[in-house]
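>
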Amino acid sequence: MSWEPLILTFKLALVTTLILFVVSLPLAHWLAYSKSRIKPVIETLVSMPLVLPPTVLGFYFLIAFSPNNSFGEWLQEVVGVQLVFSFPGLVLASLIYSLPFMVHPIQSGLAGVPGSLRDAAFVMGKSRFQTLIKVLLPTIKPSLLTGLVLSFAHTVGEFGVVLMIGGNIPGKTKVASIAIYDEVEALNYGTANFYSLILFGCTFFILLMVYLINGGYLKKLGR
Amino acid sequence: MMQIRIQKNLEGPSGPMLLDLDLNIEKGQFLTLYGPSGAGKTSTLQMISGLMRPDHGTIYFDGQPWVDISKNIHIKPQLRKVGYVFQDYALFPNMTVKQNLVFALSKNSSSKSIMDIMDIMEIGNLQSRKPDTLSGGQRQRVAIARALVQQPQLLLLDEPFAALDLKIRLRLQDYLGEVHRTYGLTTILISHDIGEIHKLSNRVVSLEQGKIAKQGTPSEVFVGHNLSGKFKFKGEVLHIEKNEVVYIVSVLIHNEVVKVIAQGSEIENLEIGDAVMVASKAFNPIIYKIQ
Amino acid sequence: MNRLRGTISNIEVNGNLSLVTVHLQPPLTLKTIVVETPKTAAYLQIENEIDLLFKETEVVLGTAESPNISLQNRISGTIREVEQGQLLSKVLLETKWGGISSIISSNAVRQLGLSKGMNATAFIKLNEIMLSNT
Numbered sequence: 006m007s008w009e010p011l012i013l014t015f016k017l018a019l020v021t022t023l024i025l026f027v028v029s030l031p032l033a034h035w036l037a038y039s040k041s042r043i044k045p046v047i048e049t050l051v052s053m054p055l056v057l058p059p060t061v062l063g064f065y066f067l068i069a070f071s072p073n074n075s076f077g078e079w080l081q082e083v084v085g086v087q088l089v090f091s092f093p094g095l096v097l098a099s100l101i102y103s104l105p106f107m108v109h110p111i112q113s114g115l116a117g118v119p120g121s122l123r124d125a126a127f128v129m130g131k132s133r134f135q136t137l138i139k140v141l142l143p144t145i146k147p148s149l150l151t152g153l154v155l156s157f158a159h160t161v162g163e164f165g166v167v168l169m170i171g172g173n174i175p176g177k178t179k180v181a182s183i184a185i186y187d188e189v190e191a192l193n194y195g196t197a198n199f200y201s202l203i204l205f206g207c208t209f210f211i212l213l214m215v216y217l218i219n220g221g222y223l224k225k226l227g228r
Numbered sequence: 003m004m005q006i007r008i009q010k011n012l013e014g015p016s017g018p019m020l021l022d023l024d025l026n027i028e029k030g031q032f033l034t035l036y037g038p039s040g041a042g043k044t045s046t047l048q049m050i051s052g053l054m055r056p057d058h059g060t061i062y063f064d065g066q067p068w069v070d071i072s073k074n075i076h077i078k079p080q081l082r083k084v085g086y087v088f089q090d091y092a093l094f095p096n097m098t099v100k101q102n103l104v105f106a107l108s109k110n111s112s113s114k115s116i117m118d119i120m121d122i123m124e125i126g127n128l129q130s131r132k133p134d135t136l137s138g139g140q141r142q143r144v145a146i147a148r149a150l151v152q153q154p155q156l157l158l159l160d161e162p163f164a165a166l167d168l169k170i171r172l173r174l175q176d177y178l179g180e181v182h183r184t185y186g187l188t189t190i191l192i193s194h195d196i197g198e199i200h201k202l203s204n205r206v207v208s209l210e211q212g213k214i215a216k217q218g219t220p221s222e223v224f225v226g227h228n229l230s231g232k233f234k235f236k237g238e239v240l241h242i243e244k245n246e247v248v249y250i251v252s253v254l255i256h257n258e259v260v261k262v263i264a265q266g267s268e269i270e271n272l273e274i275g276d277a278v279m280v281a282s283k284a285f286n287p288i289i290y291k292i293q
Numbered sequence: 227m228n229r230l231r232g233t234i235s236n237i238e239v240n241g242n243l244s245l246v247t248v249h250l251q252p253p254l255t256l257k258t259i260v261v262e263t264p265k266t267a268a269y270l271q272i273e274n275e276i277d278l279l280f281k282e283t284e285v286v287l288g289t290a291e292s293p294n295i296s297l298q299n300r301i302s303g304t305i306r307e308v309e310q311g312q313l314l315s316k317v318l319l320e321t322k323w324g325g326i327s328s329i330i331s332s333n334a335v336r337q338l339g340l341s342k343g344m345n346a347t348a349f350i351k352l353n354e355i356m357l358s359n360t
């Protein structure tokens, strides 16, 4: 029994969520307001991880990043990163895998903001960026929170894609979900239960907080 | 001051519609756009403010080209410095009243004007409240105040008082008339309220299906619109009842029911649901102020 | 609604108001004041034929032909019918210019002793007559 898989899991989830947030803001903003003809294609691509088996994603990552082919070789030789069976590889795979969980809440949050708020900021001389930061994001705080938490929780819960691209290297890529599988295989039910219980408790608590905050229950308690 | 010649294909309520306008607006004018919904009034404001791009045409403001599609000129709304009051107020929900006003302030202007404007609109006591705690009338005052903070030369208002009850509407009309004069604004208002139009504007442009149907002073445009001095209303017969030697006819006018005494010969071919004109000489009605 | 037809013989304008004199045949002059002027209403032209409209409830009845009262629109005739209600009564007057109905209180009918065949005069206030050119 060791804390290592759990710490690795939360480290992966945290890094993934933070990078996703930065990447998803412009993407969701574009999806919410663009009238471009390629928008349906981009929307489809963003949503693909929702329906695709994680193993499919993992398989293609494995093929693409393997040092046995030219792209993977180039990455390793020139850029100096090995993406297969490494933590950066896990992060990259998780980014793709959890992308819709960050983009969708933000996109629908933005789409739900009355157009007049944006128009009002524009006629006041505010740029798109200022409008996003000062008006739109504060207005869709619940959507942001939902996006952050869902991405985090979803990354915590991923298994297939991690197994395919990360393998099972203790301290590097052996996250909690894989550790649980390992322990069950080895019939160590006690250890499996330890990891499972902690994941269960943590995810329950995180999601509960989202519903409490977005439902305004905490404010009511404060009064 | 402003020359508008624009064309834009729009989706009207009854299919595609061409909005085709040719308007000259003088400085200091208070102009009202009037017409059925879907006639292109809001689109007109959006194209003047730069929020919508016309298909063809030009807009010149004080000799400056804001729009000249043939030369590919379309100045961004950010640079036009137009005050715009939206139908749904568009107050930023994450900011207090004061923060809403400060946000509208351009970079190098002083915040002193905010105090003056809050005084005029009487919203000083609301300054630390969030918009969702305000009543409709209060929100609308904040929205107008916020548009004024920008110190615009041109103020656009999209049916600002439509959702408010009569008493508050009348008071806000006074505020609007006052700021129009105080700040020497050129104002374009969208309104359906003929009383409001008479009270505030000195020019009315009536739009129908994207075209100017009529324009002129309110009295010129609304002649025959039951305001020519006669006491005359269209209504619908709700009920006819004989009472001794006369008949009492109940007529629905707008959403009020009035009763009219009539003779047998007058109701002979009158049925429930008929459209009727109720008229009296201007001498008979009694008028008094509603408190 | 009572309706008589005549010809406009004079229009006196002051501001938004016009005092219109209408001649009827056989000779009778009726006057009305309206919030219109020849500029705002095309039908206000001398020699124009016009209908005079006035409500039955605005017709005052008298048995003397020229009492000392301010009402100058006076039309004399004979009572053809009295239709009595509890509070109100309708009196039909036959005149040389047409029938005129009046609705007055039943009490007044009794006090004046109005009945079929009697001579009576209808009085209409200046501001109660509407003009119509149809």
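Protein chains in written order, with the numbering used here: chain D, 6 to 228; chain Z, 3 to 293; chain W, 227 to 360.
Quick reminder that beta carbons are idealized off the backbone N, C-alpha and C, glycines included.
Bear in mind the structure is a predicted one, so any value in this text is a computation, not a measurement.
Please report the distance separating the alpha-carbon of residue 150 of chain Z from that of residue 85 of chain Z.
7 Å
> Start and end of the beta strand (DSSP E) containing residue 245 of chain Z?
Residue 245 of chain Z -> beta strand (DSSP E) spans 233–245.
> Is the beta carbon of residue 43 of chain Z less than 7 Å from the beta carbon of residue 3 of chain Z?
no
> Any idea if residue 182 of chain Z is buried or exposed, counting beta-carbon neighbours within 10 angstroms, 16 or more meaning buried?
buried
> For chain W, is any of its Cβ atoms less than 7 Å away from the one on residue 261 of chain Z?
no
> Using a C-beta cutoff of 7 Å, does residue 243 of chain Z count as contacting chain W?
No, residue 243 of chain Z lies away from the interface with chain W (no Cβ there is under 7 Å from its Cβ).
> State buried or exposed for residue 213 of chain D, treating a residue as buried only when at least 16 other CB atoms are found within 10 Å of its CB.
exposed
> Taking just the CA atoms, how far does residue 160 of chain Z sit from residue 41 of chain Z?
13 Å
> Give every residue of the same chain whose Cβ lies closer than 6 Å to the Cβ of residue 14 of chain Z, excluding the five residues on either side of it in the sequence, and list them in chain order.
40
> For residue 271 of chain W, count neighbouring Cβ atoms within 10 angstroms of its own Cβ and tell me buried if that reaches 16, exposed if not.
Under this definition residue 271 of chain W is an exposed residue.
> State buried or exposed for residue 106 of chain Z, treating a residue as buried only when at least 16 other CB atoms are found within 10 Å of its CB.
buried
> Indicate the three-state DSSP secondary structure (helix, strand or coil) for residue 275 of chain W in the structure shown.
Here residue 275 of chain W sits in strand by DSSP.
> Below 8 Å on the Cβ atoms is my contact criterion, and I expect residue 204 of chain Z with residue 219 of chain Z to pass it. Report the Cβ-Cβ distance as a whole number of Å.
7 Å
> What's the C-alpha gap between residue 174 of chain D and residue 148 of chain D?
36 Å
> Roughly how many whole angstroms lie between the Cα atoms of residue 11 of chain Z and residue 53 of chain Z?
15 Å
> Name, in chain order, the residues that DSSP records as bridge partners for residue 296 of chain W.
None; residue 296 of chain W has no bridge partner.
> Taking only beta-carbon atoms, is residue 55 of chain Z less than 7 Å away from chain D?
Chain D contact via Cβ: absent.
> Chain W partners of residue 284 of chain Z, CB-CB under 7 Å?
261
> Considering only C-alpha positions, which residue in the set D:152, D:129, D:167 and D:122 is nearest to residue 14 of chain D?
D:167
> I believe residue 194 of chain Z touches residue 164 of chain Z by the beta-carbon criterion, under 8 Å. Please report the beta-carbon distance rounded to the nearest angstrom.
7 Å
> I need the DSSP call for residue 289 of chain W, collapsed to helix, strand or coil.
Coil, per DSSP.
> When burial is assigned at 16 or more other CB atoms within 10 Å of the CB, is residue 236 of chain Z buried or exposed?
exposed
> Check distances from the C-beta atoms of the stretch 326–337 of chain W to those of chain Z and list, in chain order, the residues that come in under 9 Å.
327, 329 and 332
> Does DSSP put residue 32 of chain Z in a helix, a strand or coil?
strand
> What does the alpha-carbon distance come out to for the pair residue 211 of chain Z and residue 233 of chain Z?
30 Å
> Is residue 189 of chain Z helix, strand or coil by DSSP?
strand
> Output needed for residue 131 of chain D: all residues of its chain with C-beta closer than 8 Å, excluding positions within five of it in sequence on either side, in chain order.
Result list for residue 131 of chain D: 139 and 140, in chain order.
> Can at least three beta-carbon pairs, one atom from the stretch 129–136 of chain Z and one from the stretch 94–102 of chain Z, be found at a separation below 8 Å?
yes
> In whole angstroms, what separates the C-alpha of residue 205 of chain D from that of residue 49 of chain D?
The C-alpha of residue 49 of chain D is placed about 31 Å away from the C-alpha of residue 205 of chain D.
> Would you mind telling me which residues of chain W sit closer than 8 Å to residue 268 of chain Z, beta carbon to beta carbon, in chain order?
227
> Rounded to the nearest angstrom, what separates residue 7 of chain Z and residue 38 of chain Z at their Cα positions?
Distance between the alpha carbons of residue 7 of chain Z and residue 38 of chain Z is about 21 Å.
> When burial is assigned at 16 or more other CB atoms within 10 Å of the CB, is residue 227 of chain Z buried or exposed?
Caution is warranted here: a pLDDT of 40 is assigned to residue 227 of chain Z, below 50, making its placement in the model unreliable, and the coordinate value is therefore given only provisionally. Label assigned to residue 227 of chain Z: exposed.
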